[in-house]
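Here's the structure, in structure tokens; my notes come after.
In my numbering, the protein residues as written are 1 to 376.
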């Protein structure tokens, strides 16, 4: 007796406009869509982001038509008067479930009107998500100085200077968007995060998928990967401060001097600034295959802003890496200078601090803490 065909669940995923939100959303959808036929997955985006999504799917060797694992649907932007972005399309597609980015909080109510479950997806990890939520409830808004201890956290105590808190926590007035995001999180089925879940637990991260066998060409031939292939294992420092981070040219100069003093191979991704580095280093202008770089055996450490992908919670994530996991190295010691989420308050990180932090991974190849490979 022939078995009846499996019933597909139609799931819509609505990512935020930023590439750093789109990529993990796509990986989540690919996870949902396996095995083929179990889920009819659709990414809902604006026309401006269509090429970003299709490029990301192509790098993962995923078709977008003709029985594709993931479908792509587009909505008009700017939105139709009186409707939030994508609302009419969501209603027309009539999904069985909606997974919406945390910034598109109104989709929780749209899903409720349709009578389907909705989960909010956040690319921020569990630790900073919980920390910012607890700090918001603790009433730190408007504080101008000093140090705050994150409440309701187990030891070690996480102490953060006020200058290093995200702007929505530092402001004296809670933003209208934040005030609406929090109630939406409480109403939805749950909140997906990169390494866990708040309210009801769905552990979905890390979401970076391994390359499919047919996807070899997506990274083969990439100049930076070819360059990494020429380097010994655990010998290269990877630097990337994100596409939204603004760094003054003088600070870039200090980083470059620190790398020069370090004297070992490095791979540095920047937006516009370029410096001649010879055979020892490689500078990439613009986009880089970050997942492939991080997975490459030649990479020893990562010099970053602790964000992946966000810039707003970088100092909170730093505490997780350096104090809780104890496998990262601060760029400079506590009280060595003011660091801030407001660029005008920041002090420069000197070249010697860059060289010292990176050198920690030469003196202790397993990392400065418990043996992982992440540098700060």
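For each residue, glycine too, the CB sits at the ideal point set by N, CA and C.
Cβ-Cβ separation between residue 8 and residue 39: approximately 6 Å, consistent with a contact (criterion under 8 Å). Closest in alpha carbon position to residue 95, among 319, 27 and 110, is 110. Around residue 74, the same chain offers 45, 46, 47 and 50 as residues with beta carbons nearer than 7 Å, after the five sequence neighbours per side are excluded. For residue 252, no beta strand (DSSP E) run applies; the uninterrupted alpha helix (DSSP H) run containing it begins and ends at 249 to 262, by DSSP. Per DSSP, reduced to three states, the secondary structure at residue 284 is strand. Leaving aside the five residues that flank residue 357 on each side, the residues in its chain whose CB is nearer than 6 Å to its CB run, in chain order, 329 and 331. Taking the CA atoms as reference points, residue 92 sits about 10 Å from residue 114. By the 16-neighbour rule on beta-carbons within 10 angstroms, residue 337 is exposed. Around the beta carbon of residue 322, 16 or more other beta carbons lie within 10 angstroms, which makes this residue buried.
In the three-state reduction of the DSSP assignment, residue 9 falls in the strand class, which pools E and B. Out of 154, 137, 102 and 166, the CA that lies nearest to the CA of residue 18 is found in 102.
Setting aside the 5 residues that flank it on each side, residue 255 is surrounded in the same chain by 354, each with a C-beta closer than 6 Å to its C-beta; the list follows chain order. Contact check for residue 60 and residue 30: beta-carbon distance about 7 Å, within the 8 Å limit, so the pair qualifies.
Closest in C-alpha terms to residue 124, from the list 22, 253 and 345, comes 22. Residue 347 sits exposed, since fewer than 16 C-beta atoms from the chains shown fall within 10 Å of its C-beta. Secondary structure at residue 152: coil, using DSSP grouped into helix, strand and coil. Rounded to the nearest whole angstrom, the C-alpha separation of residue 297 and residue 16 is 32 Å. Exposure of residue 145 is indicated by the presence of fewer than 16 other C-beta atoms within 10 angstroms of its C-beta. Rounded to the nearest whole angstrom, the C-alpha separation of residue 179 and residue 260 is 46 Å. With a 10 Å radius around the Cβ and a threshold of 16 neighbouring Cβ atoms, residue 287 comes out exposed. In the assembly as shown, residue 185 is a buried residue. Its beta-carbon has 16 or more other beta-carbons within 10 Å. A direct Cα-Cα distance of roughly 18 Å separates residue 349 from residue 266. By the neighbour-count definition (other C-beta atoms within 10 Å, threshold 16), residue 131 is a buried residue. Assigned with DSSP and collapsed to three states, residue 71 falls in strand.
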